[in-house]
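Numbering (my numbering), first residue to last: 13 to 368.
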């Protein structure tokens, strides 16, 4: 494969239309024959990344003639068919996940995984165990590091190191994002929920730093609500929190939103609202009928009463509140029969506006 594969990848990406079908068929057969050898898939990904980089360099130099026909998606589209030939994903996924962690800024690997996200779910325990192990080994961001990043007051020599740290913290979250929602449906999964499966205790968590729990959800919660975290990491973690089962997510977010409202912690308020909005989008009525959603709605009413100016931080939080209320109404309209005996969200919201 080390001799044939690079040539085939190049032919599929760059060849003329007449030669392309034969090259695609040959590449597919090679991948199929070695479908239990992660080193062959890693080799293909390296070839694809190198070709993509060469093309980017050529375009930057305005030398487009050679690579004008380039399209790496032709190779990636073969992965859909190839994935059906793989019989044991558990043996294949581990080394591929490790490669992504070793090259966190490699967009080609992320795109590759996006083509096999359903297959990733088949090996979810392997995938998530690797994710937890990786996140557990990452150092936390302290106030000094965070301050220098936010104010851009760091030496030029540190720029690459800080960018690398950002990619390393984003990388595990990107893998989780690729997994189907059903991975979060199993409340008995220790790797996903850990000790947080005990929903009745969730409302008692005041500190978001949940120590001693090496689960995916614990790490997502800590990254989403941490005071010192990259903004891109916080946003993605908050979005992924929205996938958590409502039985676990909503009691926790309710508690955190109340505390953040008391302390006027706008960043945490926005993260909480983003998680709830995502939950309403991906879970719909399952989230809306949860008992804690009403308490979240009451806290939202408090935030909407705060004085604000266009563009300030309070205004941003209030826009998040409005989005959240709008999604509640959308979820209600999709299942009106569930609310026939309840006070209408629309009437409550209309009354809220009238009181203002």
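Ideal Cβ positions, reconstructed from N, Cα and C, are used throughout, including at glycine.
* Inside the region 85-133 only - alpha helix (DSSP H) runs reaching at least 4 residues -> If only complete runs of 4 or more residues are kept, the region 85-133 shows the alpha helix (DSSP H) at 85-95, 101-114, 119-126, in order along the chain.
* Ignore the nearest five residues each way along the sequence and tell me which others in residue 298's own chain have a CB closer than 7 Å to its CB. => The answer, listed in chain order, is 258.
* **Candidates 324, 129, 19, of which the one nearest residue 189 by Cα** => Comparing alpha carbon positions, the residue from 324, 129, 19 closest to residue 189 is 129.
* For residue 240 versus residue 153, is the C-beta spacing smaller than 8 Å? -> At a Cβ-Cβ threshold of 8 Å, residue 240 and residue 153 count as neighbours.
* With a cut-off of 8 Å, do at least 3 Cβ pairs link the region 270-281 to the region 312-331? -> With the cut-off at 8 Å, the region 270-281 and the region 312-331 touch.
* Distance between residue 301 and residue 315 (C-alpha atoms, nearest Å) -> Annotation: residue 315 to residue 301 spans about 22 Å, alpha carbon to alpha carbon.
* Is it a yes or a no for the region 50-64 touching the region 16-29, going by three-plus beta-carbon pairs under 8 Å? -> Yes, the region 50-64 is in contact with the region 16-29.
* Asked: Is residue 206 helix, strand or coil by DSSP?
  -> If DSSP states are grouped into helix, strand and coil, residue 206 belongs with the helices.
* Asked: For residue 101 and chain D, any beta-carbon pair shorter than 8 Å?
  -> In summary, chain D is missing from the structure at hand, where a single protein chain is found.
* What's the gap between the Cα of residue 117 and the Cα of residue 318? -> Straight-line Cα distance between these residues: approximately 41 Å.
* Reduced DSSP category for residue 212 - H, G, I as helix; E, B as strand; rest coil -> With a pLDDT of 45 at residue 212, under the threshold of 50, the modelled position of this residue cannot be trusted; read the value that follows with caution. Three-state DSSP puts residue 212 in a helix.
* **Touch test, the region 264-276 against the region 175-192, Cβ-Cβ under 8 Å, three pairs minimum** => Output reads no: the region 175-192 does not touch the region 264-276.
* Asked: Looking at the unbroken alpha helix (DSSP H) that takes in residue 152, where does it start and where does it end?
  -> It is not in any alpha helix (DSSP H) - residue 152 carries neither H nor E in the DSSP assignment.
* **Three-state class that DSSP yields for residue 31 in the structure shown** => The DSSP-derived three-state label of residue 31 is coil.
* **Boundaries (first-last residue) of the alpha helix (DSSP H) holding residue 344** => Its alpha helix (DSSP H) spans residues 325-346.
* **Run of the alpha helix (DSSP H) containing residue 16, from where it starts to where it stops** => Residues 16-26.
* Closest Cα partner of residue 191 within the set 229, 37, 140 -> Restricting attention to 229, 37, 140, the CA atom closest to the CA of residue 191 is found in 140.
* **Nearest residue (CA-CA) to residue 227, options 108, 196, 14** => The option with the nearest alpha carbon to residue 227 is 196.
* **Within 8 Å, strictly: CB atoms of residue 101 and residue 131** => Going by C-beta atoms, residue 101 is nearer than 8 Å to residue 131.
* Out of curiosity, what's the CA-to-CA distance linking residue 198 and residue 255? -> Inter-residue distance for residue 198 and residue 255 is about 12 Å (C-alpha atoms, whole angstroms).
* **Span separating the alpha-carbon of residue 202 from that of residue 260** => Residue 202 and residue 260 have their C-alpha atoms some 13 Å from each other.
* Mind checking whether residue 284 and residue 339 have CB atoms under 8 Å apart? -> Cβ distance not < 8 Å, so residue 284 and residue 339 don't count as in contact.
* Asked: Leaving out the 5 sequence neighbours to the left and right, which residues in its chain are closer than 7 Å to residue 186 when beta-carbon positions are compared?
  -> The residues are 122.
* **residue 45, DSSP secondary structure in three states** => DSSP, read as helix, strand or coil, puts residue 45 in helix.
* To do: Please classify residue 336: is it buried, with 16 or more other beta-carbons within 10 angstroms of its beta-carbon, or exposed?
  => The C-beta of residue 336 has 16 or more other C-beta atoms within 10 Å across all chains shown, which makes the residue buried.
* Coil, strand or helix - residue 318 by DSSP -> In the structure shown, residue 318 falls within a coil segment according to DSSP collapsed to helix, strand and coil.
* Asked: Under three-state DSSP, which class holds residue 13?
  -> DSSP places residue 13 in coil when its eight states are reduced to three.
* Does the beta-carbon distance from residue 50 to residue 107 come in below 8 Å? -> Contact flag set, yes.
* To do: Could you check what DSSP says for residue 301 in three-state terms: helix, strand or coil?
  => In the structure shown, residue 301 adopts coil according to DSSP, grouped into three states.
* C-alpha gap between residue 251 and residue 151, whole angstroms -> When rounded, the distance between both Cα atoms is 22 Å.
* Asked: Mapping DSSP to helix, strand and coil, what is residue 256?
  -> Residue state, collapsed to three classes: coil.
* To do: Label residue 81 either buried or exposed according to how many other C-beta atoms from any shown protein chain fall within 10 Å of its C-beta, with 16 as the threshold for buried.
  => Counting C-beta atoms within 10 angstroms of its own C-beta, residue 81 has fewer than 16 neighbours from the protein chains shown and is therefore classed as exposed.
* Asked: Is the beta carbon of residue 52 sitting closer than 8 Å to the one on residue 18?
  -> Not in contact: residue 52 and residue 18 (Cβ atoms no closer than 8 Å).
* To do: For residue 21, I'd like the list of residues in its chain whose CB is within less than 8 Å of its CB, leaving aside the five on either flank, ordered along the chain.
  => Answer for residue 21: 39, 56, 59, 60, 63, 87, listed in chain order.
* Asked: Which stretch, first to last residue, makes up the alpha helix (DSSP H) that contains residue 164?
  -> According to the DSSP assignment, residue 164 belongs to no alpha helix (DSSP H), since it is labelled neither H nor E.
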